Amino acid sequence: MRTVLNHTCLLPVHLNARSPYSQPFPSLSELSSALGGLGGVSELEAETLRPVNLLQERNILPPKRAPPPEPNLSNDLRKVNCSPDTFRCTLTNIPQTQALLNKARLPLGLLLHPFRDLTQLPVITSNTIVRCRSCRTYINPFVSFLDQRRWKCNLCYRVNDVPDEFMYNPVTRSYGEPHKRPEVQNSTVEFIASSDYMLRPPQPAVYLFLLDVSHNAVESGYLNVFCQSLLDNLEKLPGDTRTHIGFVTFDSTVHFYNLQEGLSQPQMLVVSDIDDVFIPTHDSLLVNLKESKELVKDLLNALPGMFTHTRETQSALGPALQAAYKLMSPTGGRVTVFQTQLPTLGAGLLQSREDPNLRSSTKNVLHLGPATDFYKKLALDCSGQQIGVDLFLLSSQYSDLASLACVSKYSAGSVFYYPSFHHIHNTAQKQKFQKDLQRYLTRKIGFEAVMRIRCTKGLSIHTFHGNFFVRSTDLLSLANVNPDSGFAVQMSIEESLADTSLACFQAALLYTSSKGKRRIRVHTLCLPVVSQLSEVFAGADIQAISCLLANMAIDRSISSSLSDARDALVNAVVDCLTAYRANGSNIQPSGLIAPAALRLFPLYVLALLKQKALRTGTSTRLDERVFSMCELKSQPLQQIMRMVHPDLYRIDNMTEQAALHLNDSVIPQPPLLQLTAEKLTREGAFLLDCGSVMYLWVGKCCNETFIRDVLGFQNYASLPSNMTEIPELQTTYSERTRAFISWLLESRTFLPAFHVVKDDASTKTSFFQHLVEDRTESAFSYYEFLLHIQQQMSK
Amino acid sequence: MRRWIYCGRFRVYITETRFSSCGSSIFIMIHYAAVPPIGGVRATRRFSSDSEESPGSRRESGSAEMEAAVFILSLVDCCALIFLSVYFIITLSDLECDYINARSCCSKLNKWVIPEMIAQALATVLMLVSMHWFVFLLNLPVASWDVYRYVKVPMGNMGVYDPTEIHNRGQLKSHMKEAMIKLGFHLLCFFIYLYSMILALIND
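Chains as they are written, first to last, in the UniProt record's numbering: chain A, 1 to 795; chain B, 1 to 204.
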């Protein structure tokens with residue numbers, strides 16, 4: 001039977017004793033009558049619909065991060081349903097009609113992470129892949145078998161025949177039980193694709209590195225870090241014996257490197273005609289990695305030294321990209337671009353558009369969109385030839401990331417940004433760059449991929465968010481697919497879903513693995529359909545809703561304006577809470593009432609409004625703002641939630657109480673704290689986990705045992721101001737802290753940068769800007785925001 | 001001294017006959033009699049090698065001729081606009097049904113955005129110049145919408161039809177609706193011009 005989830009069992013703490021309605025958690029029958037005759041509502045729903053007065057509830061945050069809501073399905077369906085880490089819907093109860101969805105004023109969409117690293121993945125090796133004849137859906141656990149020989153598609157309701165080979169189950173070696181086969185028992189499967197699924201023989205892994213070697217680039221010193229990192233990871237690049245690699249460097253001219261097997265050392269070929277760049281030789285610029293490994297290593301060792309005395313300050317990125325496109329067109333693959341300044345020469349040259357005086361403007365922020373369509377066109381050309389372009393921007397000045405990022409956005413690449421990168425003056429960035437490169441070079445990759453998302457008849461997808469190119473109505477073209485990117489789609493309900501009780505969604509990703517095998521990864525999600533507004537609210541997944549709203553706000557700020565986007569976000573909360581109030585009967589007319597499922601909604605929206613991407617009034621560099629927007633649109637959900645609403649823990653007094661015991665280590669579980677300076681105290685040390693960066697804030701009067709045992713210094717005053725890691729000491733405190741931090745980092749792919757922040761350091765602003773519940777000179781505090789919402793609702 | 005004949009209401013000048021490699025071709029200049037100055041005349045119907053014009057102006061017939069000519073030109077223009085709208089609708093529905101991909105669809109459509117704008121502007125200006133205020137005011141919103149749409153394209157987009165945005169936010173549907181509305185409007189204008197042209201021709 002369903003049990004009441006712990007995290008929702010918070011008794012409201014009523015500060016205002018005079019409120020006539022303050023009472024402990026009402027009984028089920030009282031709730032039923034109060035919520036207007038729900039009757040037969042389950043315990044789970046009653047819990048998520050419990051009204052919460054946001055103005056009075058002080059401890060709104062659950063002690064641990066809430067798990068995603070469980071859909072209201074039978075046990076067997078729930079067991080086989082897709083993992084919420086892979087496939088998540090904003091509403092776990094799908095409304096029956098568009099009118100009902102409009103009444104709820106919540107967005108309907110899916111958040112996917114289809115190529116996530118999985119620990120167990122059933123791989124189907126059979127010759128026939130069973131698919132519906134009309135809608136081409138793959139067979140999944142939610143189809144219905146009419147008898148042993150026919151199955152009914154759950155997306156288009158067509159009846160199909162079961163092929164003979166399918167009747168035999170290779171796992172149990174039995175015949176006549178098609179519903180026991182692994183495709184029908186698992187919602188996440190991987191098929192091995194036959195040649196029908198290939199337009200051409202599967203391509204080998206081809207990697208091209210485009211390196212900026214202008215004076216600026218050499219000054220910043222990234223070349224050393226990159227070459228060292230690649231040398232260390234050369235063996236671990238995903239691929240097989242056919243893997244190819246190539247290098248192109250550029251400043252005001254483009255340089256190619258001949259790495260043919262027989263040569264004694266790499267040969268550099270310079271093309272100075274950047275207006276019509278051409279490829280000097282046809283082979284041996286992209287060479288087989290196994291055969292030319294020695295030459296590649298020689299080149300990587302020599303590269304940093306080759307340009308130390310360069311005086312070139314211009315950067316011809318556009319021509320270099322055109323050259324890379326020409327080089328890679330025959331095969332496709334991945335191009336990695338390292339850029340340290342604004343491209344100033346040749347095609348695609350950009351102007352400096354940022355006005356430093358307008359960084360903290362409260363009015364509109366301009367230049368959020370690209371300045372030229374050169375990079376977009378190039379990205380579309382690359383996408384057509386299955387070339388994915390990843391961008392590493394390591395600049396300290398304005399580099400028009402809004403235009404440059406287009407080259408990755410539409411070719412399914414990723415964007416990485418290291419503002420003010422310098423190998424000596426900014427060691428934190430250098431370490432982050434090293435760690436990121438380690439993950440980037442060794443992570444799994446899929447080539448020449450396409451993805452299709454299918455929904456039950458009646459639902460249709462109208463907007464897509466993420467780094468890919470939408471080639472036709474529901475076909476997403478991804479030149480490269482990597483395990484760290486997430487996607488989002490928005491749906492609408494075209495026809496009524498009244499005659500079905502289950503809505504299903506299927507995401508199928510067809511890709512070529514780095515070993516040259518063609519695979520199809522299929523994820524299927526099933527959710528119930530409901531006809532009551534209260535049930536829609538009960539099934540709302542607030543984290544997914546916040547992420548989808550973030551995507552929509554960014555789209556709106558680029559197409560219309562930033563202030564429009566901010567207003568739309570506030571209106572989303574106002575409309576939703578008004579709809580909830582209008583639906584339920586008024587038990588508490590005063591105060592701001594929200595159902596328990598949506599009680600964190602205003603908090604997450606306030607946190608979004610204070611993100612670098614969407615904030616106004618605080619000085620934000622344009623490139624950092626644009627990068628924050630790119631992150632919000634392309635990261636998977638957990639990463640976004642940590643970025644938007646970081647986790648704050650007190651770690652100087654962690655105890656073994658309620659600790660986890662894993663693998664003979666004890667991992668303490670301190671409770672989550674609300675992001676306000678009220679929760680900080682001078683006598684403590686606090687850890688803020690923001691996803692890509694972690695801060696350890698040490699109070700002025702923090703107890704010396706902690707500083708000595710964990711940080712390795714005698715007292716607060718002797719702590720250096722730029723500490724970036726916790727030393728490994730043999731004390732219990734240190735082991736406990738390190739166990740906790742490693743437990744937090746366990747399933748993370750990109751390791752965060754770590755900073756130890758003292759209370760009086762100048763870097764403490766970067767820590768305090770994450771405390772979203774506090775008032776700043778240009779933004780509301782949490783309580784003020786609630787009052788603002790209440791005021792808007794009463795208009 | 002140029003030879004001319006009457007062809008209906010039009011005076012047709014035969015300028016030269018030239019033998020080209022594919023046979024002879026006659027270059028014909030179509031000239032409609034402009035409103036003659038007061039006192040100017042129009043020659044009577046006959047072959048004449050001199051361009052003398054007999055006295056007695058018939059200004060109404062001159063202006064009626066011009067009317068008809070204006071409407072014929074607008075009719076031809078409107079036909080072109082109808083064909084363009086149909087072409088847009090067909091291309092967009094091809095994209096909807098997956099017969100072509102977004103990039104080729106958008107490049108095809110973007111090629112014809114400026115010609116469409118020019119044709120629409122021509123029709124509007126013709127109506128303005130010939131002082132048909134009602135039809136001018138009918139054409140003006142469409143022409144200004146065309147110009148607005150063209151000018152409002154953000155800098156990073158590849159034209160009015162952008163392949164990366166066309167599948168987002170229902171843009172495909174809104175473009176299709178726009179093309180349908182334009183088709184209906186041009187058909188309406190076609191019949192208006194046809195009717196006005198016949199009226200003008202009859203009144204001659």
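Here a beta-carbon is modelled for each residue, glycine too, at the ideal position from N, C-alpha and C.
Just so you know, these numbers come straight off a predicted model, no measurement behind them.
Is residue i helix, strand or coil by DSSP?
i             : result
residue 428/A : helix
residue 240/A : coil
residue 280/A : coil
residue 158/B : coil
residue 207/A : strand
residue 115/B : helix
residue 387/A : strand
residue 644/A : helix
residue 479/A : strand
residue 484/A : coil
residue 521/A : strand
residue 444/A : coil
residue 769/A : coil
residue 219/A : helix
residue 124/B : helix
residue 212/A : strand
residue 604/A : helix
residue 88/A  : strand
residue 177/A : coil
residue 752/A : coil
How would you write the range of the beta strand (DSSP E) that residue i sits in, first residue to last?
i             : result
residue 506/A : 502-513
residue 463/A : 459-465
residue 695/A : 693-698
residue 132/A : Where residue 132/A is concerned, there is no enclosing beta strand (DSSP E), given that its DSSP letter is neither H nor E.
residue 144/A : 144-147
By a C-beta neighbour count over all protein chains shown, 10 Å radius and 16 as the cutoff for buried, is residue i buried or exposed?
i             : result
residue 29/B  : With a pLDDT of 42 at residue 29/B, under the threshold of 50, the predicted position of this residue should be treated as unreliable, though the coordinate-derived value follows. Exposed: under 16 other Cβ atoms inside 10 Å.
residue 97/B  : exposed
residue 201/A : exposed
residue 210/A : buried
residue 647/A : buried
residue 188/B : exposed
residue 174/A : exposed
residue 484/A : buried
residue 523/A : buried
residue 39/A  : Legend: pLDDT at residue 39/A = 44, less than 50; position of this residue unreliable, no value from coordinates given.
residue 127/A : exposed
residue 213/A : buried
residue 727/A : exposed
residue 265/B : The first residue shown for chain B is 1 and the last is 204, placing residue 265/B beyond what the model contains.
residue 222/A : buried
Over the uninterrupted alpha helix (DSSP H) stretch that includes residue i, give me the two end residues.
i             : result
residue 318/A : 317-328
residue 398/A : Premise fails: residue 398/A is in no alpha helix (DSSP H) and is neither H nor E.
residue 184/B : 171-202
residue 77/A  : 75-80
residue 577/A : 562-583
residue 785/A : 782-793
residue 70/A  : First-last for residue 70/A: undefined, no H or E at that position.
residue 44/A  : 43-48
Whole runs of the beta strand (DSSP E) within the region 60-91 of chain B, excluding any shorter than 3 residues:
none
Chain B contacts made by the region 402-429 of chain A, where a contact means CB separation under 9 Å:
402, 403, 406, 409 and 410
What are the residues in the region 166-182 of chain B lying within 7 Å of chain A by C-beta distance?
167, 168, 169 and 170
Taking a Cβ distance cut-off of 7 Å, strictly less, list which residues of the region 135-149 of chain B are near chain A, in chain order.
none
3 or more residues per run - each beta strand (DSSP E) lying fully within the region 256-303 of chain A
267-271 and 286-288
Anything in the region 88-102 of chain B with a Cβ closer than 8 Å to a Cβ of chain A? List those residues in chain order, please.
95, 96, 98, 101 and 102
Compile a chain-ordered list of the residues in the UniProt domain "Sec23/Sec24 beta-sandwich" (446-530) of chain A whose CB is closer than 7 Å to at least one CB of chain B.
462, 463, 464, 469, 470, 471, 472 and 473
Note down, in chain order, all residues in the region 349-371 of chain A with a beta-carbon under 8 Å from any beta-carbon belonging to chain B.
369, 370 and 371
Which runs of the alpha helix (DSSP H), 4 residues or longer, sit entirely within the UniProt domain "Gelsolin-like" (668-741) of chain A?
none
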